[in-house]
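K.L.:
Protein chains in written order, with my numbering: chain D, 706 to 916; chain L, 706 to 916; chain U, 706 to 916; chain A, 706 to 916. Just so you know, even glycine gets a beta-carbon here, dropped at the ideal spot from N, CA and C. The following block contains the structure, expressed as structure tokens.
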């Protein structure tokens, strides 16, 4: 009874999702602030726009990455029936990571072509992505320990999902390692990791247990 | 059964729409950041404000265009019963296009009056609008091939809607062509295309089949 | 039947409200971007912060004004059962007006203390507020002509509400007139007009008809 | 009956919450605009990023603080059945306070290390946090006087919640006092106050009355 009262005091998953959707939608749209209108003399616009290619690359990459994170976020919260303090603060950390992406994307795009500085910038970019993916692991681990928070039909899910989510922080750590050698290669590694999570979940795995 | 499980893992149309509404609402409001308070000596404010007319024109045009896109976005997603990976990523591309509009609008407004540079700027503006309209075509085409994703009473719709949506990318390509000759005329062509889509759908067409 | 089909193609009031809430929430929060961290030498921060008082005044005034507009927006759309093209585009104009407020507020705050320029700036501020209030009149007038769009129990409302809404554009025109003589007095007049609309509706009036 | 009509004219708690969620989500995400990409010569990026530590500290602190405010905001509005003018305008004041946080956070972070100026900056930061916490007190006090606005099972709550909310403005006043002596210590005090409100409510207290 105490537990129920305590849970009743926390926001419902629906509200948590609505708030998270808001933060994610804003972070994904703020990425555009890194696309700057060139302030050059007449006749030089075409060249100035072309030289901004790392900004377009960063915008597109981070936009798609945040989009994929959003899909995976919903896959997770759609299965939760009740939220308690654990997921609540893990989710806040996840949103904090996503909210830093307009900054770290801009940093990586601005410095990508500079030698030592480029490596620093891409390592920071990997770190912010790694923070988000680590909170996914934390969330699935928490749910694996407390399956009663999930909808009844999904109580096997956290085991599989956690194993899959673990790929994230490990891969971003590898990408950061690569970035210390070559900024562009490290950046490319981040794109590959995001692509891995495009399909939020492999149906085969969920179908292992008989239905 | 596998298909159902797979679909159940994807966000519902309601969530997709809520997230899209968020991104579109933010993009449409960020347009205001291109209206700058003039930093001129005293006595010169009136003149400085008048000279900013391309910024007001760009703001108004893009605001109304994004508003029209929002209406058409709802017309499409209101008819979808289930979402799978196709619409999900087409929609992400559509949002990416809309999110670039504060940048491309600002670019077109800032450079509209400059000769060669103006043409480049308006071509870029046409391109971002064309990207959005092309994803509308992709979405309706996908639905035309998979009518089972639609509400039962709307399964004829995609054929008609796709044909109508095709006007978008073609017309924006024409506008870009015009812009290579004259930036202001190309910009005006973009306004005309948006006006064409004001009515999200012609009722006559839907009523052709007996009810 | 044709009318129903046509209406069904337009977003529901619920969606229109959700989208409007998004735009209004963003515009009201973007006002903070006009509060700038002073970039002065050490020891001068206190003075620099005090000299920014018109920015704080503008922020507070516009925040409360937009808040009041939001309340009145809901009072209107809560009573609408179906939306057609008229309210849809009137609402888009209303949102356009609200979206300009971070710009016009910043303009008025920055130039309030400058003689001729201050008058220009406050007239522009009155104009953006007047645009919003004029679309409220347009919306209520439209509903007065088409009471079938309203919930059955509220079909007397538009007559009363329109009369009350008319105060808005007239009062903002007067405020603009005052601003041509004195910028601060014109600005103060805008505050008074907003205060008039704090109570979204006078209960007495709605109770005139027997219940 | 007059009261009911009057209430019916005001937004429902659901809408008030949705709008508040929007403003809070935007304010929390706008904090990232204070993280600036260093514009330094090549080779100096690492150092420049490290020297920005107060900006990261401010971002993290205010992000978590706003997150905690959001949780407490929901705990309050989840228990309200009907909203009238009192909570409506108290809530607007609360949102105004939250909307100023990107500015006051940036101010505190930028000036934290400067002697006298740092103290001014942190006092302003305490003030904006104190404003938010004071409106929580005002809201709970209002509900304590009008328990009929609450869901039937929660009518004892406002007494306890108000007592607990009172800690906020008092503690922020103390933090401001400390900040007049030492800016960093005052800032640390703000962190402690936020931590106090992490658990939105102590279950023990609600369970005092027999169930």
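Could you have a look at residue 800 of chain L and say whether DSSP puts it in helix, strand or coil?
P.N.:
helix
K.L.:
Can you tell me where the alpha helix (DSSP H) with residue 833 of chain D in it begins and where it stops?
P.N.:
820–850
K.L.:
Determine the DSSP secondary structure at residue 903 of chain U, reduced to helix, strand or coil.
P.N.:
coil
K.L.:
If we define contact as Cβ-Cβ less than 8 Å, is residue 720 of chain L a contact residue for chain D?
P.N.:
Nearest CB-CB separation between residue 720 of chain L and chain D: below the 8 Å threshold.
K.L.:
Going by beta-carbon coordinates alone, are residue 819 of chain L and residue 739 of chain L separated by less than 8 Å?
P.N.:
no
K.L.:
For residue 711 of chain L and chain U, any beta-carbon pair shorter than 8 Å?
P.N.:
Unreliable positioning characterises residue 711 of chain L in this predicted model, as indicated by a pLDDT of 44, which lies under 50. A coordinate reading is not provided.
K.L.:
Taking the C-alpha atoms as reference points, what is the distance between residue 844 of chain L and residue 802 of chain U?
P.N.:
32 Å
K.L.:
Kindly list the residues whose CB is nearer than 7 Å to the CB of residue 896 of chain L, restricted to its own chain and excluding five residues on each side of it in sequence; keep chain order.
P.N.:
766.
K.L.:
Three or more C-beta pairs closer than 8 Å, one from the stretch 873–891 of chain A and one from the stretch 828–837 of chain A: is that the case here?
P.N.:
yes
K.L.:
For residue 826 of chain A, I'd like the list of residues in its chain whose CB is within less than 6 Å of its CB, leaving aside the five on either flank, ordered along the chain.
P.N.:
Excluding sequence neighbours, residue 826 of chain A sits near 812, 813, 816.
K.L.:
Rounded to whole angstroms, what's the CA-CA distance from residue 837 of chain U to residue 848 of chain D? Just pull it up for me.
P.N.:
48 Å
K.L.:
Listing by chain order, which chain A residues have their CB less than 7 Å from the CB of residue 724 of chain D?
P.N.:
Within chain A, the residues near residue 724 of chain D are 726, 730, 775.
K.L.:
Taking a contact to mean a Cβ-Cβ separation below 8 Å, would you say residue 777 of chain A touches residue 841 of chain A in this structure?
P.N.:
Between residue 777 of chain A and residue 841 of chain A, the CB-CB gap stays under 8 Å.
K.L.:
On the criterion of 16 or more Cβ atoms from any shown chain inside 10 Å, does residue 839 of chain U qualify as buried, or is it exposed?
P.N.:
buried
K.L.:
In chain order, what residues of the same chain have a beta carbon less than 8 Å from the beta carbon of residue 785 of chain L, not counting five sequence neighbours either side?
P.N.:
Closer than 8 Å at the Cβ level, and outside the excluded window around residue 785 of chain L, lie 718, 792, 848, 854, 855, 856.
K.L.:
Quick one: is residue 801 of chain L near chain D, going by C-beta distance under 8 Å?
P.N.:
yes
K.L.:
I'd like to know if residue 897 of chain U contacts chain A, where contact means its C-beta is closer than 8 Å to some C-beta of that chain.
P.N.:
no
K.L.:
In chain order, what residues of the same chain have a beta carbon less than 6 Å from the beta carbon of residue 735 of chain L, not counting five sequence neighbours either side?
P.N.:
807
K.L.:
Determine whether the beta carbon atoms of residue 728 of chain D and residue 893 of chain A lie at a separation below 8 Å.
P.N.:
Going by C-beta atoms, residue 728 of chain D is not nearer than 8 Å to residue 893 of chain A.
K.L.:
From residue 861 of chain U to residue 869 of chain U, what does the alpha carbon distance come to, in whole angstroms?
P.N.:
14 Å
K.L.:
Among D:751, D:760, D:835, D:810, which has the Cα closest to the Cα of residue 898 of chain D?
P.N.:
The option with the nearest alpha carbon to residue 898 of chain D is D:835.
K.L.:
Run through the DSSP bridge pairs and tell me what residue 855 of chain U is partnered with.
P.N.:
U:785
K.L.:
In angstroms with no decimal places, state the Cα-to-Cα distance between residue 821 of chain D and residue 762 of chain A.
P.N.:
25 Å
K.L.:
Note the first and the last residue of the continuous alpha helix (DSSP H) segment covering residue 874 of chain D.
P.N.:
862–884
K.L.:
Excluding the 5 residues flanking residue 888 of chain D on each side, which residues of the same chain have their C-beta closer than 6 Å to its C-beta?
P.N.:
If we look at residue 888 of chain D and ignore the five residues flanking it on each side, its Cβ neighbours are 817, 823, 824, 827.
K.L.:
Going by the C-beta, is residue 858 of chain A closer than 7 Å to any heavy atom of the ligand SAH?
P.N.:
The model depicted lacks the ligand SAH and carries no ligand whatsoever.
K.L.:
Could you list which residues in chain D have their beta carbon closer than 9 Å to that of residue 875 of chain A, in chain order?
P.N.:
What residue 875 of chain A touches in chain D: nothing, since even the nearest Cβ is about 23 Å away.
K.L.:
Are any of the Cβ atoms in chain A nearer than 8 Å to that of residue 911 of chain D?
P.N.:
Its pLDDT being 44, under 50, residue 911 of chain D is placed unreliably by the model, and the measurement read from it follows with that caveat. So, not an interface residue.
K.L.:
Given a cut-off of 8 Å, decide if residue 750 of chain D and residue 759 of chain D are closer than it, judged by their beta-carbon atoms.
P.N.:
no
K.L.:
With the cut-off set at 8 Å, would you say residue 804 of chain D and residue 737 of chain A are in Cβ contact?
P.N.:
It is a contact, given that the beta carbons lie within the stated cut-off.
K.L.:
Taking a cut of 9 Å between CB atoms, which residues from the stretch 828–848 of chain A lie near chain D?
P.N.:
none
K.L.:
If you measure beta-carbon to beta-carbon, which residues of the stretch 753–773 of chain A are closer than 8 Å to chain D?
P.N.:
754, 764, 765, 768, 769, 772
K.L.:
In angstroms with no decimal places, state the Cα-to-Cα distance between residue 775 of chain A and residue 755 of chain L.
P.N.:
43 Å
K.L.:
If you draw a straight line from the C-alpha of residue 764 of chain U to the C-alpha of residue 772 of chain U, how long is it?
P.N.:
Their Cα atoms are separated by approximately 12 Å.
K.L.:
Once the 5 residues before and after residue 800 of chain U are set aside, which same chain residues still bring their CB inside 7 Å of it?
P.N.:
725, 728
K.L.:
Which residues of the stretch 795–824 of chain D have a Cβ closer than 7 Å to any Cβ of chain A? Give them in chain order.
P.N.:
Within the stretch 795–824 of chain D, the residues whose Cβ lies closer than 7 Å to some Cβ of chain A are 797, 801, 804, 805, 807, 808, 811, 812, 815, 816, 819, 821, 822, listed in chain order.
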